[in-house]
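Numbering (this note's numbering), first residue to last: 857 to 1360.
Every residue, glycine too, gets a C-beta built ideally from N, C-alpha and C.
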Amino acid sequence: MRKIKSALISVYHKDKLEDIILELNRLGVKIFSTGGTKSFIEGLNVEVQAVEDVTSYPSILGGRVKTLHPKIFGGILSRRDNLEDKQHLEQYEIPEIDLVIVDLYPFEETVKSGAGEQDVIEKIDIGGISLIRAAAKNFKDVVIVPSKAQYAALLEILKTKNGETAIEDRKQFAKAAFEISSSYDTAIYSYFASDETDTFKISVKPQRKLRYGENPHQAGYFYGDFDELFEQVHGKEISYNNLLDIEAAVSLISEFTDSTFAVLKHNNACGLAVREKLIDAWKDALAGDPISAFGGVLITNRELDKETAEEIDKIFYEVIIAPSYSSGALDILKAKKNRIILIKKDADIDKKQFRSLLNGVLVQDKDQNTEFKNDMKLATKKEPSENQYNDLAFANILVKHSKSNAIVLAKNMQLIASGVGQTSRIDALKHAIEKAKNFKFDLEGAVMASDAFFPFADSVEIANKVGVNAVIQPGGSIKDKDSINYCDEHDMAMVFTGIRHFKH
């Protein structure tokens, strides 16, 4: 055990610090400090010695240099069981420092605020990060408290152990310190690297341990601030698979501005409809595949009202997401204790995505292309009607968010059926047609969307024979002309977008 006899305190944020200062004072700990922190401590009627009195140097260069001095770092880095270190401390009149409490300039917050480059550069901490690394390196003798997140743990030690720390305590503080310093350096690197991709670096916190991963025999964790994006107002702990579906649901619903309801299962939409009234959007979304909706994730971009909640409550589902809920709706939805109810907040989501692969990481921009009428190039003699253009854009959004190979059939802004995750495009189409027939949909006048080009004319032929009369696809096959000729011969309209939407 080691007794804390001296402390260096230099913090940017003073909140939650008072109790620690008073406990240190109670224990007779000698305190060194600088600037605003020193004034704060003096305001508590606690004795404190200025760092300048130890170093004989004032704070210089506009505050850029305050603690960077051998008499400070020597007191932190000295090894208590090393005779030569002890002799150096005596020779140069360096005080031992047993506890360092420090935090860092708010670099990430300054970047997020949109501040100019000079303001951002000034928030790159030099003294603080150096103190953290020095104290953490010497954890065998020194306690490092690198942020207010560790205040509670320190306060507990001061109160219950009278300032005595075990090596296990000090090592835990050091671990937190290196996590903070590495994350801080990663944020700075990311600012300077911008969109350059020479090195992949990311630091995400906090960690949320999940019940398990994709399957019960796999461990699972989520790194990120889920509460920044959602407020969970009811239900059980969110699972790994829930998170995958939630991400897919949010990405999909963000494409729509009119009143929309969607149902997702295993990251694919199994129902979606756009309607003036939310209850109609729900009913038509559910009609797309009422079997797959069981245990799914529901999402809407409108406040969920009581009338719609009563209808939704008739089926079992895992998660529901909305920007808000009426009080009557919440009363109904909360009746099932495990049902996860989320309020989606307005927050930016990263525009990059990555996944571990082999012995490295794949990184790409998210697919943010969405094609509307003005982006479509007419490939056939017949032009789609205005309603067909709307349905084609609608279906194209859905196919973009479906696992490849994917085909989507839609009509009147409703998902009729989809074939997803198939190894051939023709199989995806056949699967979609079979589903539509199973749920008694009339495909006459429906439109078809494909996430990639048709290598042959067989897909448009099969679609035409069941009533599809308008098609949207990227185009780009060496046999595009075969599909175009078939459409022209059978009075079908087809447009090209020039944009492929693979999703794996």
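Integer Cβ distance of residue i from residue j, believed to fall under 8 Å
{"i": "R1195", "j": "G1127", "result": "The pair is not a contact, with the Cβ atoms about 18 Å apart (cut-off 8 Å)."}
{"i": "L1248", "j": "A1326", "result": "6 Å"}
{"i": "S1115", "j": "R1131", "result": "6 Å"}
{"i": "Y1096", "j": "G1076", "result": "4 Å"}
{"i": "V1351", "j": "A1235", "result": "6 Å"}
{"i": "F1297", "j": "D1336", "result": "That belief does not hold up - the Cβ atoms of F1297 and D1336 are roughly 29 Å apart, past 8 Å."}
{"i": "E903", "j": "L1014", "result": "Going by Cβ atoms, the distance from E903 to L1014 rounds to 17 Å, so no, they are not a contact pair."}
{"i": "F1295", "j": "D1145", "result": "7 Å"}
{"i": "I1328", "j": "N1268", "result": "The pair is not a contact, with the Cβ atoms about 16 Å apart (cut-off 8 Å)."}
Close-in-space but distant-in-sequence residues of the same chain around residue i (CB under 6 Å, 5 per side omitted)
{"i": "D1169", "result": "I1188"}
{"i": "S915", "result": "K922"}
{"i": "E1087", "result": "I1199"}
{"i": "E1020", "result": "M857, K859"}
{"i": "I957", "result": "I865, V1001"}
{"i": "D909", "result": "none"}
{"i": "Y1045", "result": "K1057"}
{"i": "K1291", "result": "A1273"}
{"i": "S1339", "result": "F1310, A1313, V1316"}
{"i": "F1034", "result": "A992"}
{"i": "E1070", "result": "Y1096"}
{"i": "N1261", "result": "Q1278, R1281, A1284"}
{"i": "I1263", "result": "G1275, A1284, L1285, A1288, S1306"}
{"i": "G884", "result": "none"}
{"i": "R1356", "result": "A1308, P1330"}
{"i": "K886", "result": "S862"}
{"i": "G930", "result": "I950"}
Close Cβ partners of residue i (< 7 Å) along its chain, the five nearest in sequence each way excluded
{"i": "D875", "result": "L1011"}
{"i": "A1142", "result": "Looking at the sequence itself, residue 1142 is Leu, so the reference to Ala does not match. Hits under 7 Å: V1119, G1127, A1149."}
{"i": "K894", "result": "V904, A906"}
{"i": "H1287", "result": "G1275, Q1278"}
{"i": "A1203", "result": "E1084, L1085"}
Own chain residues within Cβ distance below 8 Å of residue i, not counting five before or after
{"i": "F1210", "result": "F1056, I1058, V1217, L1218, V1219, Q1220"}
{"i": "A1043", "result": "F963, E964, V967, S1059"}
Those residues which DSSP pairs with residue i across a bridge
{"i": "G1275", "result": "I1263"}
{"i": "T1236", "result": "Beta-bridge pairing links T1236 to no other residue."}
{"i": "E1020", "result": "K859"}
{"i": "E1087", "result": "I1199"}
{"i": "D1221", "result": "K1208"}
{"i": "Y1079", "result": "Q1063"}
{"i": "L1128", "result": "A1118"}
{"i": "M1350", "result": "V1327"}
{"i": "L987", "result": "BP columns for L987 are empty, so no partner."}
{"i": "N1306", "result": "Contrary to the premise, residue 1306 reads as Ser rather than Asn in this sequence. According to DSSP, S1306 bridges with I1263."}
{"i": "V999", "result": "L955"}
{"i": "F888", "result": "L864, Q905"}
{"i": "A1372", "result": "For residue 1372 there is no data in the structure shown, the boundaries of the chain being 857 and 1360."}
{"i": "Y1173", "result": "G1152"}
{"i": "V921", "result": "I916"}
{"i": "L1160", "result": "Y1181"}
Proximity of residue i and residue j at Cβ, strictly below 7 Å
{"i": "K1259", "j": "N1098", "result": "no"}
{"i": "I1197", "j": "V1303", "result": "no"}
{"i": "S862", "j": "I953", "result": "yes"}
{"i": "V1255", "j": "A1305", "result": "yes"}
{"i": "I932", "j": "V998", "result": "yes"}
{"i": "W1138", "j": "F1117", "result": "yes"}
{"i": "A1191", "j": "A1165", "result": "no"}
{"i": "K1061", "j": "K872", "result": "no"}
{"i": "E1167", "j": "G1151", "result": "no"}
{"i": "L1108", "j": "H925", "result": "no"}
{"i": "E1300", "j": "G1323", "result": "yes"}
{"i": "I988", "j": "S1037", "result": "yes"}
Is the segment 1149–1164 touching the segment 1173–1190, taking contact as three or more C-beta pairs under 8 Å?
-> yes
State whether the segment 945–964 contacts the segment 1024–1031, with contact taken as three or more CB pairs (one from each stretch) at a distance under 8 Å.
-> no
So, do the segment 1337–1354 and the segment 1272–1291 have three or more beta carbon pairs nearer to each other than 8 Å?
-> no
Should the segment 939–946 be called in touch with the segment 979–992, which here means at least 3 C-beta pairs below 8 Å?
-> no
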